[in-house]
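Shown next, in structure tokens, is the structure this report addresses.
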Amino acid sequence: MPASLTTIFMNRILQGAAASLIVLALAGCSTTKDRMTTGSVPKLTKPVEELDATELRSATDRLGKAYEKNPQDPVTGVNYANLLRMNGRDTQALAVMQQVAIANPGDRNVLAAYGKAQAAAGQFQQALDTIGRAQTPDRPDWKLVSAQGAILDQMGRASDARQRYRDALDIQPNEPSILSNLGMSYVLTGDLRTAETYLRSAASQPTADSRVRQNLALVVGLQGRFPEAEQIARRELSPQQADANVAYLRGMLSQQNSWQKLAAKDKTPGAADSSNTN
Numbered sequence: 709m710p711a712s713l714t715t716i717f718m719n720r721i722l723q724g725a726a727a728s729l730i731v732l733a734l735a736g737c738s739t740t741k742d743r744m745t746t747g748s749v750p751k752l753t754k755p756v757e758e759l760d761a762t763e764l765r766s767a768t769d770r771l772g773k774a775y776e777k778n779p780q781d782p783v784t785g786v787n788y789a790n791l792l793r794m795n796g797r798d799t800q801a802l803a804v805m806q807q808v809a810i811a812n813p814g815d816r817n818v819l820a821a822y823g824k825a826q827a828a829a830g831q832f833q834q835a836l837d838t839i840g841r842a843q844t845p846d847r848p849d850w851k852l853v854s855a856q857g858a859i860l861d862q863m864g865r866a867s868d869a870r871q872r873y874r875d876a877l878d879i880q881p882n883e884p885s886i887l888s889n890l891g892m893s894y895v896l897t898g899d900l901r902t903a904e905t906y907l908r909s910a911a912s913q914p915t916a917d918s919r920v921r922q923n924l925a926l927v928v929g930l931q932g933r934f935p936e937a938e939q940i941a942r943r944e945l946s947p948q949q950a951d952a953n954v955a956y957l958r959g960m961l962s963q964q965n966s967w968q969k970l971a972a973k974d975k976t977p978g979a980a981d982s983s984n985t986n
């Protein structure tokens, strides 16, 4: 798979519990919408997942001003860094999280966000170390374990990544975001059938959100079943979001050479990971 496509997939896996195609409505932004944490930060007029590009920039500006007033506040800093990454400003997000982490060295949420920012900036080993410091061995956080898996996937360590996803599932069984990450891990190695199995399992969970279903739509489309993929992609989205996602999905699938190579790998005997059960 070309490096640029790998980056698109992995950015969506890493920056949040589940990958997302909803962000395609935001002028091709390749980062994922992280959930905003709560606290004394400027309120958004709607859920962050529903912001368009203009609203996203406005929210980022407002949080930036709040951050300037109190750069040590962990809630404001993490939220601001998340929005910066949603705007594709990974370097600036990393700089923000460095300062917030210095001011709050024992805050698990800050360390987790710092690790994600490091990974988004390509500092993979540093990200693993940072997230490892955020983890508590006697009370492991499944979100951090899953994040470690996503970082390992970016490092090309698929087997290690999938083991971390399964470790996360041991802590939080049937969590759709983990199943989605696991499915997208198989996309990266061209095993689309196994990827679809995990993504369908993720989408069937009561707590699954639309981001999980957008990943399923992508994998179904990659296998040439575009009408089915479009039907999945349009569920639970506004017409504008659905149109943007479907248009992007068509664009992705139009890159025939790339996807034909991926599909050929999918059909190669032994391509699937033998340990494909949770």
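Take 709 as the starting number for the sequence shown in our numbering and just add one per residue.
A virtual CB, placed ideally from N, CA and C, is assigned to each residue, including glycine.
query, result
"Could you compute how far the alpha carbon of TYR956 sits from the alpha carbon of LEU887?", "23 Å"
"So is GLY830 buried or exposed if we call it buried at 16+ other beta carbons inside 10 Å?", "exposed"
"Whole angstroms is fine: what's the gap from PRO947's alpha carbon to SER893's?", "29 Å"
"Measuring straight from C-alpha to C-alpha, what distance separates ALA866 and LEU860?", "7 Å"
"Can you tell me where the alpha helix (DSSP H) with ALA820 in it begins and where it stops?", "816-828"
"Relative to the alpha-carbon of GLY814, which residue among ALA803, ALA801 and GLN843 has its alpha-carbon at the smallest distance?", "GLN843"
"Only counting the same chain, and skipping five residues up and downstream in sequence, which positions put a Cβ closer than 6 Å to that of ALA801?", "ALA789, LEU792, ARG793 and ALA825"
"Give me the residue from ARG841, GLU904, GLY932 and LEU945 with the minimum Cα distance to SER918.", "LEU945"
"Locate the alpha helix (DSSP H) running through ASP1029, then write down its first and last residues.", "Any property of residue 1029 remains undetermined from this structure, which presents the chain solely from 709 to 986."
"CB ILE940 to CB ALA925, shorter than 8 Å?", "yes"
"Between VAL993 and PRO881, is the Cβ-Cβ spacing less than 8 Å?", "Shown here, the chain extends from 709 to 986; a query on residue 993 therefore has no answer."
"Please work out which residues of its chain come closer than 6 Å, Cβ to Cβ, to ARG816, disregarding the five sequence neighbours upstream and downstream, and give them in chain order.", "ALA842"
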